[in-house]
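Before any comments, here is the structure.
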Amino acid sequence: MRSPFVAAAVALASLPAAFAATYDVRVGPDGQFVFQPEFVKAAAGDVVNFSFLPKNHTVTQSSFERPCSPAAGGINSGFMPVAAGATSPTFKVTVNDTKPLYFYCQQGTHCSQSGMVFAVNAAEGSGPGSFNAFKAQAMGAAVASGSASTTAGGAYVTPPPPKWQSATATVTQGASVWTTTYTSYDGTPPPSPAAQPKDIKIIVGAEGQLLYNPSNVSAAIGDTVTFEFRPKNHTVTQSSFMNPCQPLDGGIKSGFRPVAADASTFPTFQIKINDTAPIWGYCGQTSHCGAGMVFSINAVESGPNNFSAFVNLAKRVNGTATTNGSGSPGASQSSTSGAQKLVRFGGYAGIGALLLRH
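If you read the sequence shown in our numbering, its first letter stands for residue 4, the second for the next number, and so on.
The structure is reproduced here in structure tokens:
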């Protein structure tokens, strides 16, 4: 006859999943750019449950070597906008083994400037592979025993200018096939139109802050990006990577959009994505760009001309200095505040009469 103790042991062994631990992690609590807690130790089968608090954050897998760049094929919650007082959406990650997993928030400079990163099963202490070293790496600090800096003297180094070139590709969409010429550089996605075009909303100056929210988005050809202006007076002005705070000749401009503090409706400005090349922009209001009020669409995060580098360059030039560089409009624009005005700049050829080659 089997003893009750043996029977209980067998029952426990047959139900490991029932006893898997769940770790609750708050994303952006109290308006802070932080995961709380910042790291956990988990066993295979455990679950990490991320709860998103107001504003707009992501849980994006990266690597120890590249803390603020998405890992190819990695886990990504996507942006999770949360209004004040709203129920927190969640995102669950199941841990498959005890190997380290590294994550960051993909919003603006949350990773590179605020160290908004998270780790599962990172090494302890401050050595290689540790959470402390990972966070320091994200913020550009020396890691562990190393003392590397941007230059030998620790001086800031301006990123290299983007290398633009024209590329030709054959595009297939449904039964239609055509050849197109588009603006490209390393890391630019292929010029494939969106299967189902979507609208991406960006809030300009939300809650009196000098920022676009979200400030760094990805969009396919055919998608639209709608900027919604909140109180005070801001602009959406296209620039170039090397001249973040200077208007791009022939680029997109919303003009100033004053909004009263008690406004209940908000003006919008919409652009349609015609090209896969990155679009860089800023607020033309005095000193706002120098404070980091910039945005990007389709920035290539895997190279030196990424969004964080763009923000840092804008802050350093402080809206005054210029460097040698150029850009591509890459979009058409429209605005709404009563009557609609439409101006198209082009940036993509071969998709139809609405889009113009430049």
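Glycine included, every Cβ here is placed at the ideal spot set by N, Cα and C. As the structure is a computational prediction, the values presented were derived from the model and not from experiment.
The straight-line gap separating the alpha-carbon atoms of alanine 23 and aspartate 202 is approximately 39 Å.
No Cβ-Cβ contact shorter than 8 Å links asparagine 52 with methionine 83.
With contacts defined by Cβ atoms closer than 8 Å, tyrosine 285 and threonine 240 form a contacting pair.
Taking C-alpha positions only, threonine 97 is separated from tryptophan 283 by approximately 36 Å. Counting only residues of its own chain and dropping the five nearest sequence neighbours on each side, arginine 233 has a CB closer than 7 Å to the CB of Ile206, Val207, Gly208, Ala209, Val262, Phe269. Assigned with DSSP and collapsed to three states, phenylalanine 42 falls in strand. Inclusion of glycine 295 and valine 314 in the CB contact set at 8 Å is warranted, their separation being smaller than that value. Straight-line measurement puts the Cα of glutamate 127 at about 44 Å from the Cα of proline 194. A straight line joining the alpha-carbon of alanine 266 with that of lysine 235 spans about 10 Å. For asparagine 315, the uninterrupted alpha helix (DSSP H) run begins and ends at 310 to 320, by DSSP. Pairing phenylalanine 121 with phenylalanine 106 gives a Cβ-Cβ distance under 8 Å. Relative to cysteine 114, the option among Pro70, Gly77, Gly81, Lys318 whose CA is nearest is Pro70. Distance between asparagine 216 and phenylalanine 272, taken at the CA atoms: about 14 Å. With a cutoff of 8 Å on beta-carbon distance, proline 165 and asparagine 309 are scored as not near each other.
For asparagine 52, the uninterrupted beta strand (DSSP E) run begins and ends at 50 to 55, by DSSP. A straight line joining the alpha-carbon of threonine 238 with that of arginine 260 spans about 6 Å. With respect to the C-alpha of alanine 47, the residue from Asn99, Ser66, Gly81, Ala89 having the closest C-alpha is Asn99.
Taking 8 Å as the upper bound for CB-CB distance, cysteine 248 and alanine 317 are in contact here, some 6 Å apart. By the neighbour-count criterion, in which 16 or more other beta carbons inside 10 Å mark a residue as buried, serine 179 falls on the exposed side. Taking the Cα of glutamate 41 as reference, the smallest distance to any Cα among Glu68, Gly118, Thr112 is reached at Gly118.
The continuous alpha helix (DSSP H) containing asparagine 135 extends over residues 134 to 141.
Here proline 32 carries a helix assignment [DSSP, helix/strand/coil].
Judged by DSSP secondary structure, serine 218 falls outside any beta strand (DSSP E); it is assigned neither H nor E. Taken through DSSP and simplified to helix, strand or coil, phenylalanine 269 comes out as coil. Judged by their CB atoms, leucine 56 and valine 85 are nearer to each other than the 8 Å cut-off.
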